[in-house]
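In this note's numbering, the protein residues as written are 1179 to 1325. Notes follow the structure.
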Amino acid sequence: MPEIYEIPDTSQVFTQNNVTTVRINYIIKNECTDLDLLHQKVQDFIYDNDIINTSVSYSETENYYINLRFYRISKQLLFDFEQIPGFGGDVIENHNEDLIARVSIFSDSPDQLYYKLWNKTENNKDGYNDVIEERSFCEALQISQNS
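Next up, the structure:
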């Protein structure tokens, strides 16, 4: 079963043009290539950990964009990845080849989760891969029964 962990020191919160962007990065141990299973695991993680409410609480404005990114482990992106900012450093944005899921929510449609999922080949020796399957969809945000 995939296990999901936040990648330390890679999250960003910034406000531009009165819109707060909250970007949180996660790594999936025991990645799954079945997109239905990946969707289920990401969805369970989001709800089990109250990720949406926690992320929205970081917003400094009423207008927000929440961007949750889920990466797989690879030779280029190790489980214990540590971001090294600056010229010649290694930042999470350099690892889009290992991005396998993204979930977004916008303040103008706070009841919808927007998913983008990828099944990719293993990275080649240069760190690149091919997309085998890609899926984009939105679904209604489930309201907690405890609210």
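Even glycine gets a Cβ: it sits at the ideal position worked out from N, Cα and C.
| query | For residue 1191, does the three-state DSSP call read helix, strand or coil? | reply | strand
| task | Could you round the C-beta distance between residue 1311 and residue 1297 to whole angstroms and report it? I think they count as a contact, below 8 Å. | result | 4 Å
| task | Leaving aside the five residues before and after residue 1276 along the sequence, list all residues of the same chain whose C-beta is less than 7 Å from its C-beta, in chain order. | result | 1249, 1250, 1252, 1254 and 1255
| field | Assigned exposure category for residue 1196 - 16 Cβ within 10 Å defines buried | value | exposed
| query | Roughly how many angstroms lie between the CA atoms of residue 1324 and residue 1265, to the nearest whole one? | reply | At residue 1324, the pLDDT of 44 sits below 50, so the modelled position is not reliable; the number obtained from the coordinates is stated separately. Cα to Cα, residue 1324 sits roughly 47 Å from residue 1265.
| For residue 1295, which option in 1285, 1217 and 1204 has the closest C-alpha, if you only look at C-alpha atoms? | 1217
| message | Less than 6 Å between C-beta atoms, sequence neighbours within five positions excluded: which residues of the same chain meet that for residue 1246? | response | 1202 and 1281
| request: Check whether the Cβ atoms of residue 1257 and residue 1207 sit closer than 8 Å, and answer yes or no. | output: yes
| message | Please report the straight-line C-alpha distance between residue 1190 and residue 1319, rounded to a whole angstrom. | response | 23 Å
| For residue 1290, which of helix, strand or coil comes out of DSSP? | strand
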